[in-house]
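Residue 374 in my numbering sits at position 340 of the sequence shown; the count goes up by one each step and never skips. Before any comments, here is the structure.
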Amino acid sequence: MAATFSRKPYSGTKRKLVLAFDVGTTFSGISYAILDPGKVPEIRGVTQFPAQENVGGDCKIPTLLYYDVKGALRAAGAEARDEAIEEMAADEGWVKAEWFKLHLRPSTAANAHITSTIPPLPRGKSAIDLFADFLRYLRDCARSFIEERHANGVALWSSLHGEADYVLTHPNGWAGAQQQLMRKAAIRAGLVSDDLAGRSRVSFLTEGEASLHFCVQSDLTVDAINDGKGILIVDAGGGTIDISAYRYTKDAGYEEAAVPQCHLQGSVLVTTRAEAFLTDLLKDSPFAEDAKYIAEAFDKMTKPVFRNVDDWQFIKFGAPNDRDDKLNIKRGQLKLPGTTVAEFFQPSVDCIIKSIEEQLTVANTQITSIFLVGGFAANTYLFKQIRDKFSPRGIDVSRPDPNRVNKAVADGAASFYLDHFVSSRMARFDYGTSANVSYSPVDLDHQQRKNTVIVNSIGLPRLPGRFCNILSKNTRITETQEFRCALFNIKLTKDSLRSIRTPILCYGGNVKDIKWLDQDPSQFHTLFYVKADTSSMCETLKPLSRFIGSSILIYYELHFEVVLTLGTTEFKAHIAWKENGIEKTSPAELIYDVDFFVSDEEDEEEGDTEDGEEEGEDEGEDEEVEDGSDEEDEDEIKDGEEGTDRLTLALKGLSHKMSTGTAKTPYKGKTRKLVIAFDVGTTFSGISYAILDPGVPPEIRGVTQFPGQENVGGDCKIPSLLYYDNMGDMKAAGAEAKSEGVEEQAADEGWFKAEWFKLHLRPKTKATAHLSGKIPPLPPGKTVIAVFADFLRYLYQCVKSYIQERHANGDELWRALRPTADFVLTHPNGWEGAQQSQMRMAAMLAGLIKDTPSDNARLTFVTEGEASLHFCVSSNLTTEAIKKGKGILIVDAGGGTIDVSAYKYVPDCGYEETAVPECHLQGSIMVTTRAEKFLKTRLKGSKFASDVKHIAESFDRATKHVFRNIKDWQYVKFGSPSDRDENCNIRRGQLKLTGAEVADLFAPSVDCIIQSIQRQRQTASTSIKVRE
């Protein structure tokens, strides 16, 4: 069995920054690593982007751009989806650029079906222009993230970005032509300079191999590669499906076990099929003009959570008063049978299954595990279809997710730079060159082609069209392996030989040992040209002569070898020749045909080695194959709303004695153990866990996907929400309780919603009295302990399913570790023994533990403030802030409570509290409560008065989280494009508010936090400096 992955310390001599960009068809991601000499590098993900202040932290950003009528870039990423931008774009005629990555695709017959589906490029813009603009945007996002999230971040970026290395990922089916275009885009974006040093700072990697690196560095493949068995990586993304097979050998590491595949059947095709269906369904109805908008709603909400063909599916697109019974539209949502939605998925599902079957057949080892990664793989219906197809054959099917909510491809690309797991790859095609050979009248092949014979410049008969194989398809090749092709050119002047330009062809057909181009002409394509300066070789050439009739013809022969390195992620070449028995080399440039694979546009004469044949002969006719073989203190550290951030090191047994860094010591226990941490928040909750192996440093993982919340970016948070029916039975929890189907059933059957239930446990003090009338009541006949227990039971089932699905042999792993698992529960700073006692009773009622001394010892508690400190320490956020004994302040601003805690670091002791922690009930729910009251007044007397609660919920979900500037207009998107009321400032289904109005909703909470920080600074036993 392969050992658990352990990254080696960085061996460089100076600090370095590595940035990995995964530009996807619909979503993109960034990962990075700061390499310090002698230290083990840590890969981090950019988890927050402009206008995407997602409550869970999102590792993905929409691959989207807006250009104005003059061609200037106006918005990118999540900002391009901002309501204000969308309104401005509609008013001013801006052009939306999406799916632009696919304009770089190889134009093969297999890709023809998507040509008409890809949105056109903006007028006057090339695909490289758009790619460059988006790379520049990603670079700026990485810069902002590093500057904001690292101590002395501005100075850190300034010192490292000038020599930063970049890794760009691309689909399996892309090769040198696409890499060449992407490098041009990187240069145009200003990532690197257009010289040898700059170009060398950009490297490329297939998405399949990046996904493998993610799985390996996350220790997901450890149990899957026993006895040389193989694994299959299925990266199901927005545009492409990339399938890659690997096997592990102890001596060589990971090797490709089959030629990777790439198919344009990603999730965008599901949406395209849905839009075509909706356009037809809604024609001649009042909603006909909304078909595209409804398809977008399907793409964002319905598609990611589709799970069961037997369940009704809902597309929520409008306000509660939008209704058409004939179309199955009620309360602003369209109801579709699950069978209809399954039809949108089916071509993509069939493509993936077929591709897996082919890989299982051709792989040179037995495949025993399949890992599904990528945004599309998050869909449960897709996952179940794959699992149900292959699990009965004894193949383990799992879908790992990043434990830091990072995208697998971006993380894997950074791992590729650091770890380089793959030692050999499979040749995708037959590679070779075309040549003219001496005509032999007795050779049967030559006789069949005698009509094509030409006479070269020195009067010799030659037969064109011979394919000289350099490397055969499916051959395993290492990164250092060289393949040589010995050639010679004949010219009448020495100057004509001062450069060479040799075509390298690839053959994608099925003819074995093919020798002639005319045997299968449509399957031959010029992959690239090897161009080299041969001036130095020409200096030693001596004239040769031969008689043609009675005349003597003088000519020159240039003998050389083209040396190809084809086993790396980017092809390389040089030329070699002998002088006095000593081999000499010279660099060569690869010139790619960007129309590679466009067979109906090719009209290439083989052997085109140079321009300017002075005798007017056909170019390259004389080339013949000769022989071929193969420094400031931080003032405060703020957490976001409730979730797994503050759970990251709140795990029992991992680090009771905190240190200044993140280096984890190996687990000292004697047996494998599971630790689970639950953070039940007022509005959102989170789960983290760690599997402890004796002698191995523990790794903390977050549950990043929940039922009904198959978020494309992976979400570490789940709504703290429950529904009970009239009999008191729990009917739905978490994101499922927010699904359109559940909400409709709840409204029809009178179910009771339980939210903010955690606050019923609060200490009843004067400080919390203002909240008493605002907390929703508990369901009839239910105690807070009973509701809390139901939610703990739900979280427990979520972590169980997550471990079973995301780990190789997950079912067996869970059965082995569950009986002795330890649990950690968090609670606000202001809670003490009474609240802990009730939470313990809820844990027993939920079945987490039994009421025995040994089981009671398996449950511990930690305040949210202290859990947040652990997160900050583990993330190295406190390293610079605690110099010279200065203190730090942790502000955990959650949904219900604001927890403020002060600490200082003491060598040999760890962290100590320097003031009594504070807790205030002024979390984000109070902002929403004030917003609902404001909206009720604003919309009174309008046709939208009955929609106030719905609009307040829309404010809570979106507007509140992205509010940044009091000077900017703010938008609450709640209805369809046809919803309008100029008197209420409502256009295109969105309410327009001033920034000052929204700021007033935040002000009481902001004032509370500021006052609490001031008190902590005044009473703390050590100084807490404020950074100006």
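All C-beta atoms in this analysis are idealised placements derived from N, C-alpha and C, irrespective of residue type, glycine included. From a predicted model like this one, the values you see are computed outputs, not experimental measurements.
Is Phe455 near His204, with beta carbons less than 8 Å apart?
no
Rounded to the nearest angstrom, how far is the Cβ of Pro862 from that of Glu898, given a contact under 8 Å?
6 Å
Ala118 versus Val293: straight-line alpha-carbon distance, rounded
47 Å
Alpha-carbon to alpha-carbon, Ile959 and Asp1013:
27 Å
Same chain only: Cβ atoms within 6 Å of Gln251, ignoring 5 sequence neighbours per side:
Phe39, Ser449
Do you know how far the Cα of Gly207 is from the Cα of Phe631?
At Phe631, the pLDDT of 36 sits below 50, so the modelled position is not reliable; the number obtained from the coordinates is stated separately. Straight-line Cα distance between these residues: approximately 11 Å.
Nearest-angstrom beta carbon gap, Ile511 and Lys565 [assumed within contact, 8 Å]
With 8 Å as the limit, Lys565 and Ile511 do not qualify as a contact, their Cβ atoms being about 23 Å apart.
Alpha carbon of Arg1071 to alpha carbon of Ala769, nearest angstrom:
Outside the modelled stretch of the chain, which goes from 35 to 1062, sits residue 1071, for which no answer is possible.
Counting along the chain, where does the beta strand (DSSP E) carrying Phe605 start and finish?
First-last for Phe605: undefined, no H or E at that position.
Supposed contact pair Leu829 and Ile721 - C-beta distance, whole angstroms, cut 8 Å:
6 Å
Are Thr59 and Val302 close, meaning C-beta to C-beta below 8 Å?
yes
Cβ atoms of Gln1050 and Ala949: under 8 Å apart, would you say?
yes
When burial is assigned at 16 or more other CB atoms within 10 Å of the CB, is Arg157 buried or exposed?
exposed
Residue ranges of each beta strand (DSSP E) run of no fewer than 3 residues wholly in the region 546–605, ordered along the chain?
558–567, 578–582, 585–599
Are Ala724 and Pro731 close, meaning C-beta to C-beta below 8 Å?
no
Burial state of Ala397 (16 or more Cβ within 10 Å)
buried
Just list the residues that DSSP pairs Ala109 with in beta bridges.
Tyr100
Distance between Lys507 and Asn186 (C-alpha atoms, nearest Å)
51 Å
In terms of DSSP beta bridges, what is Thr399 paired with?
Answer is none; Thr399 lacks a bridge partner.
Alpha carbons only, please: which of Ser227, Ile819, Phe351, Leu726 is nearest the one belonging to Glu774?
Phe351
Which residue comes first and which comes last in the alpha helix (DSSP H) that contains Ser871?
867–879
Look at the alpha carbon of Phe410 and the alpha carbon of Gly271, and state the distance between them as a whole number of angstroms.
5 Å
In the DSSP assignment, the beta strand (DSSP E) including His297 goes from what residue to what residue?
295–297
Do the CB positions of Val57 and Lys135 come within less than 8 Å of each other?
yes
Can you tell me whether Met571 is buried or exposed? The criterion is at least 16 other CB atoms within 10 Å of its CB, across all chains shown.
buried
Collapsed DSSP secondary structure at Arg157 in the structure displayed:
coil
Top-ranked residue by Cα proximity to Asp1041, from Asp889, Asn1017, Gly957
Gly957
Is the closest heavy atom of the ligand SAM to the C-beta of Glu613 under 7 Å?
Among the components of this structure there are no ligands whatsoever, and the ligand SAM is therefore not found.
Using only the alpha-carbon positions, how far apart do Asn437 and Ile95 sit?
The predicted position of Asn437 is uncertain, since its pLDDT is 41 and thus under 50; a value taken from the coordinates is nonetheless stated next. Cα to Cα, the separation comes out at about 18 Å.
Going by other Cβ atoms of all chains shown within 10 Å of its Cβ, with 16 needed for buried, is Cys296 buried or exposed?
buried
So the candidates are Ala520, Gly63, Thr602; which of them puts its Cα closest to the Cα of Asp408?
In the sequence on display, residue 408 carries Gly and not Asp. Measuring from the Cα of Gly408, the nearest candidate turns out to be Gly63.
Can you tell me where the alpha helix (DSSP H) with Phe248 in it begins and where it stops?
241–251
C-beta atoms of Thr886 and Val858 nearer than 8 Å:
no
Can you give me the C-alpha to C-alpha distance between Asp116 and Val103, rounded to a whole angstrom?
19 Å
Could you please give me the residues that DSSP links to Arg500 through a beta bridge?
Ala469, Trp550
Range of the contiguous alpha helix (DSSP H) that encloses Lys704
That residue, Lys704, is in no alpha helix (DSSP H); it is neither H nor E in DSSP.
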